[in-house]
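There are 2 protein chains.
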Amino acid sequence: MLPFLSRADETMDANGEGMAQARETGTLGKLMVLLDLVTHADAPLRFTDILSLAGQPRGTLHRQLSHLVEEGLLELDGDGRYAPGLRLLDFAARSWARNEFRLIAEPHLVDLQHATGETVHLGVLRGQSIIYLDKVEGRQPVRMYSQIGNASPCYCTGVGKAALSLLPAESLVDLLAGVNFTRFTAATHASPASLLAEIREIADQGYAFDREEHEAGIRCVAAPIWSEDRTFLGGVSITGPAYRLSMELLAQWVVPVQRAAGRIMEGMRIRLGPRR
Amino acid sequence: MLPFLSRADETMDANGEGMAQARETGTLGKLMVLLDLVTHADAPLRFTDILSLAGQPRGTLHRQLSHLVEEGLLELDGDGRYAPGLRLLDFAARSWARNEFRLIAEPHLVDLQHATGETVHLGVLRGQSIIYLDKVEGRQPVRMYSQIGNASPCYCTGVGKAALSLLPAESLVDLLAGVNFTRFTAATHASPASLLAEIREIADQGYAFDREEHEAGIRCVAAPIWSEDRTFLGGVSITGPAYRLSMELLAQWVVPVQRAAGRIMEGMRIRLGPRR
DNA sequence: AGTATCGTTCCATTATTTGGAACTTGATTT
DNA sequence: AAATCAAGTTCCAAATAATGGAACGATACT
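One line per chain: the protein sequences are A and B, in this order. This note's numbering numbers the first residue of the first sequence as 142 and each following residue consecutively. This note's numbering numbers the first residue of the second sequence as 142 and each following residue consecutively.
Okay, here's the thing in structure tokens:
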């Protein structure tokens, strides 16, 4: 097995392997599997690499890749290596710029950043992952895309656990059934059982901590965001290094984070409210 | 000719209509037309809106949209409006983070930013558009994605004209034949003729200016970037407000910009060189 | 209640995808 | 230089998925 894909395997697992989820999207689904393969790889893949990973007949695979390249979703360099295409950037730039949820939340994220001086994130639950929609950092060296658009596990991030705490018990169990619990640090929940216990607590309290569960030395407080019809579930969080963010300090930020979350929800209700 | 492509044609106009480029990508091509429609719209579209724009039979369109939604490329909100899906962000984040060209160029962009104090861009030519791959800004309020991933016209941006100056005459004419010249400002080239004249000049000099041609009050200097096999054509630029960047000042920055471009090319050669 | 309007489902027809095999191309070995 | 091997590409009858007209629900409007 190709060594550099170990990473891709993990990500795929996190997306649900248990569910034996047959794609019902015909041709598109098959092509998306390929896009996933290429975008998850650590380096551009050669035809043969993809062949062994995708397990398709050569003729078929060749045409599929050609179509993806022709549409700009993949790029084929002079050495026959396939890399993600720049058209993806173009799509993403537009979908980000016009995203309603993000636009409504943005001013409140900035306020929260100013109030605390630390990094603020906005994330939503999609499948079993949290996708970060926005990030507001205090100091200069923000490398854009550094976090935005990234998919992170829901079971070991503040925003993730906050989002999960909003789910009805049944959906929660269903969702967790598909999750592969990777232990990123000593504090990462290793099983659904302990996670469920914490999530019940979070549901009562209305806020979640990440006690260095995803990355050693990084802590956060998060508050959940929801809509009545559960169209969006997500959260806001304040994140920072453990040496600066003691658990006591994080506790003091519970109220500001919740207030920001509340304002974002109010913004969504005003924007979408009349109809629901 | 199929009527439902009228809108897609418009979109293509900016990108090239003259080429009568029938999509050869079967099912995927049809779905990408829909993705284009939705991501280019100013607001989420309802089923009927897309129906009238795409002009497909209802049954067909419905299934196509369902597939896109199921794959996360589109999202359908509670009011039946289709918006770009967050999976696009996930794809883009990865393709950006691992893009070789960008990774090689990054340190040189930062150097250039420090040397001048103004905003630095890295862009590549894709089709008739420049796609910005990176941006390094001096002062704080960088809204990420503000420019990265955006597709801009090639005929009125510094990076665009620099990239065009590298093309052999024939390809250049072909490419410009497909461009729809929109006059953004009084200084925008209104026809291929005047543009061609300037591009010849740029090819001789090895650098390009943007004299408020895309946006009033914004100027830039750009230098071209190429590889022997023409796999990548693009440019680096320094951009800023006209009141601060006199043409004299821009002229002083020609050398630094060219030097940065040269270093990036060298980086690419080292990385890819042995093979070509 | 009556009637548009909007969205969804069905299914025989049609077009696209499939995949095995044959064929290039280019590098490596004898 | 010829032979061998691996990597990629093209072909085409068979299998599969997409198509689109029409019938069917679901809301909103009168």
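Backbone N, C-alpha and C define an ideal beta-carbon position, used for all residues, glycine too.
- DSSP places Leu194 of chain A in the uninterrupted alpha helix (DSSP H) bounded by Phe188 to Ala195.
- In the three-state reduction of the DSSP assignment, Ser270 of chain A falls in the strand class.
- Under the 8 Å Cβ criterion, the segment 373 to 380 of chain B does not count as touching the segment 336 to 345 of chain B, having fewer than three qualifying pairs.
- Within 10 angstroms of the beta-carbon of Arg199 of chain B lie fewer than 16 other beta-carbons, which makes it exposed.
- By the neighbour-count criterion, in which a residue is buried when 16 or more other Cβ atoms sit within 10 angstroms of its Cβ, Asp315 of chain A is exposed.
- In the DSSP assignment, Tyr223 of chain A is bridged to A:Leu186 and A:Leu217.
- Val277 of chain B places its beta carbon less than 7 Å from that of Leu250 of chain B.
- Per DSSP, the beta bridge partners of Ser378 of chain B are B:His262 and B:Ala363.
- In the three-state DSSP reduction, Arg352 of chain B falls in the strand class (E or B).
- If you check each beta-carbon in the segment 216 to 233 of chain B against every beta-carbon of chain A, the ones closer than 8 Å belong to Asp218, Gly219, Asp220, Ala224, Pro225, Gly226, Leu227, Arg228, Leu229, Leu230, Asp231, Phe232 and Ala233.
- Between Asn291 of chain B and chain A, the shortest Cβ-Cβ separation is below 7 Å.
- Assignment of Ser236 of chain B by DSSP, reduced to helix, strand and coil, places it in the helix class.
- B:Pro225 is the residue among B:Leu374, B:Gly301, B:Tyr384 and B:Pro225 whose C-alpha sits nearest the C-alpha of Asp183 of chain B.
- Distance from the CA atom of Tyr273 of chain A to the CA atom of Val320 of chain A, rounded to whole angstroms, is 19 Å.
- Against chain B, the CB of Glu211 of chain A has a partner CB under 7 Å away; the residue lies at that interface.
- One alpha carbon belongs to Ile245 of chain B, the other to Arg412 of chain B, and they sit about 9 Å apart.
- Using a C-beta cut-off of 8 Å, the segment 302 to 315 of chain B makes no contact with the segment 380 to 390 of chain B, since fewer than three inter-stretch Cβ pairs fall below that distance.
- For Val396 of chain B, the three-state secondary structure derived from DSSP is helix.
- Comparing alpha-carbon positions, the option among A:Ala238, A:Leu176, A:Glu369 and A:Ser236 lying closest to His208 of chain A turns out to be A:Leu176.
- A buried status is given to Glu354 of chain B, since no fewer than 16 other beta-carbon atoms sit within 10 Å of its beta-carbon.
- Taking 7 Å as the threshold, the shortest C-beta distance from Ser312 of chain B to chain A does not fall below it.
- When rounded, the separation of the alpha-carbon atoms in Thr298 of chain A and Thr260 of chain A is 14 Å.
- Within the DSSP bridge table, the entry for Val277 of chain B names B:Val261 as partners.
- Judged by their CB atoms, Phe322 of chain B and Ala331 of chain B are nearer to each other than the 7 Å cut-off.
- Any Cβ of chain A closer than 7 Å to the Cβ of His208 of chain B would place that residue at the interface, and such an atom is present.
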